[in-house]
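Novice:
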Amino acid sequence: MALGLSSYARLFLTDEAGVRQSQKAPLLVWESPIKGKGEPLLLGTSTGGSSSRPRASEPLVFEVKKGNSRQNAFGMGVTVGRTDNNDIIVDDNSISRFHAYFLQDAKTYEWKLVDAESKNGTWVGPLKLKAKQSEPLLDLTRVRFGEIEMVFLLPDSFFTYLQRLMGP
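Residues 402 to 569 (the numbering used here) make up the sequence shown, in order.
#1: Here's a check: name, in chain order, each residue in its chain whose Cβ is nearer than 8 Å to the Cβ of L406, leaving out the five neighbours to either side.
#2: Look up L530 in the DSSP assignment and say whether it is helix, strand or coil.
#3: What residue range does the beta strand (DSSP E) around R595 cover?
#4: Sorted by chain position, which residues of the same chain lie with C-beta nearer than 6 Å to G547's C-beta, five sequence neighbours on each side aside?
#5: In this structure, does DSSP put G419 in helix, strand or coil?
#6: Output yes or no for whether 8 Å exceeds the beta carbon distance between F560 and R421.
#7: To the nearest angstrom, how far is it from the Cα of P537 to the Cα of D416?
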């Protein structure tokens, strides 16, 4: 499930050390394509959970980790898709039901992204992936699923990004 960036900011402000210690998985940040002009990160509260789409003042954050869905029979990696049985659910018609998946090498801990024969393609930076072929991911890499662009961040880079948005 995606959380709004403000949820991470609140946790970070109240227990920075605890959040840093507990956040082991990489994160994907989905920012709205409509940028707010100098709009600060809002730390307000919301009811009913998080939005399924980012707003200019509230990017969405996805943890790259296996979910608890019993309907996800794909045990090899962290799945991305439009339907509820994926680990990362992206609400957009350009995303296939099962679009792509992340893999982590057990020896090197390197992350890779694989396109799962999606209709609208998967990109790592400017490179469009071929179906079922893995591509290594580096920290701060832009990835695209269909028409949706996100940034892949390792935890330390995510916290730097968060601090920059929160301001001095």
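Note that the Cβ used here is the ideal one computed from N, Cα and C, for glycine as well.
This structure is a prediction, so every number in the text was calculated from the model and none was measured.
Specialist: Taking the coordinates as given:
#1: V430, L442, E459, P460, L461, V462, L563 and L566
#2: coil
#3: No statement about residue 595 is possible, as the shown extent of the chain runs from 402 to 569 and does not include it.
#4: S495, I496 and N521
#5: helix
#6: yes
#7: 32 Å
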